[in-house]
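Accompanying notes for the structure given below.
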Amino acid sequence: MFLVKLLVALALSTLSTASITIIEREVGHPLTLDLGNDVSLWARQLTGSTATQYISKCSTDKSSNETNCDQWTENGKIIGNRATVTSEGKLRIEELTKEDEGIYFSPEKKPRIYRTKTGYYSVAPNVFQVFTRPSKNIQSS
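Taken in order, the sequence shown gives residues -18 to -1, 1 to 123; the numbers are from mature numbering (1 follows the signal peptide of the UniProt record, and there is no 0).
Below, the structure written as structure tokens:
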């Protein structure tokens, strides 16, 4: 019976795999996340919230009116501008705060589906789980 449970567990573990990178950074420091050059749109779900916020790379066309270009938006409303998406597709948060904790990903990155002799399985796109820790430079009174 143990062997059957082990084989089932191994089979299930190979059916879906994901890469979650856990990052812990000091508050007040910059943070850069990288999913590859083909990313122009990032999203995040902050800890304690079910809403998704978006930020995108600004186009080279200065006359374009992009709502979420280099500023976080939620339901079309601008909610923050302490981050940018670089021309290489990297997300850069200039000064990390406790409120920036959460899951970061790109909706442009879709799961990859593979076919094998035994069937299909998918690999979820990479995501980042960001945690913060207090800055060592904060002085207590």
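Cβ atoms here follow ideal geometry from the backbone N, Cα and C, with glycine treated the same way.
Cβ-based neighbour list, residue i, same chain, cut-off 6 angstroms, excluding 5 preceding and 5 following
{"i": "Val109", "result": "Ile2, Ile85, Phe87"}
{"i": "Thr34", "result": "Ala25, Gln27"}
{"i": "Leu13", "result": "Arg7, Ile75, Leu78"}
{"i": "Gly62", "result": "Trp54"}
The beta strand (DSSP E) enclosing residue i, as first and last residue numbers
{"i": "Lys59", "result": "59 to 62"}
{"i": "Thr114", "result": "109 to 115"}
{"i": "Gln53", "result": "Note, Gln53: premise wrong, no beta strand (DSSP E); not H, not E."}
{"i": "Thr3", "result": "2 to 8"}
{"i": "Ala25", "result": "23 to 28"}
{"i": "Ser38", "result": "35 to 38"}
Where residue i falls: helix, strand or coil (DSSP)
{"i": "Glu81", "result": "helix"}
{"i": "Leu17", "result": "coil"}
{"i": "Ser69", "result": "coil"}
{"i": "Gly101", "result": "strand"}
Residue i to residue j span [Cα, whole Å]
{"i": "Glu76", "j": "Gly30", "result": "22 angstroms"}
{"i": "Ser41", "j": "Gly71", "result": "12 angstroms"}
{"i": "Gly10", "j": "Arg94", "result": "36 angstroms"}
{"i": "Ile5", "j": "Pro116", "result": "14 angstroms"}
{"i": "Glu56", "j": "Arg64", "result": "15 angstroms"}
{"i": "Gly73", "j": "Gln53", "result": "The sequence shown places Leu at residue 73, rather than the Gly named in the question. The alpha-carbon atoms of Leu73 and Gln53 are separated by roughly 11 angstroms."}
{"i": "residue 130", "j": "Thr32", "result": "This structure cannot settle anything about residue 130, because the visible part of the chain is limited to -18 through 123."}
{"i": "Thr98", "j": "Lys92", "result": "19 angstroms"}
{"i": "Pro107", "j": "Asp16", "result": "12 angstroms"}
{"i": "Cys51", "j": "Gly58", "result": "12 angstroms"}
Environment of residue i [buried if 16+ CB atoms lie within 10 Å]
{"i": "Val67", "result": "buried"}
{"i": "Val105", "result": "exposed"}
{"i": "Lys39", "result": "buried"}
{"i": "Thr100", "result": "exposed"}
{"i": "Ile37", "result": "buried"}
{"i": "Leu(-9)", "result": "Note that Leu(-9) scores a pLDDT of 48, beneath 50, so its modelled location is shaky; the value from the coordinates is reported in the next line. Classification of Leu(-9): exposed, given that the 10 Å Cβ count is below 16."}
Any non-hydrogen atom of the ligand ATP within 8 angstroms of residue i CB
{"i": "Lys80", "result": "This structure does not include the ligand ATP; it has no bound ligands of any sort."}
Cβ neighbours of residue i in the same chain (closer than 7 angstroms, five flanking residues each side left out)
{"i": "Asn19", "result": "Glu70, Gly71"}
Spatial neighbours of residue i in its chain, beta-carbon cut-off 8 angstroms, leaving aside the 5 residues before and after
{"i": "residue 124", "result": "Residue coverage of the chain in this structure runs from -18 to 123, which leaves residue 124 outside it and unanswerable."}
{"i": "Glu90", "result": "Asp20, Val21, Ser22, Leu23"}
{"i": "Thr114", "result": "Glu6, Arg7, Glu8, Val9, Leu78, Thr79, Lys80, Asp82, Glu83"}
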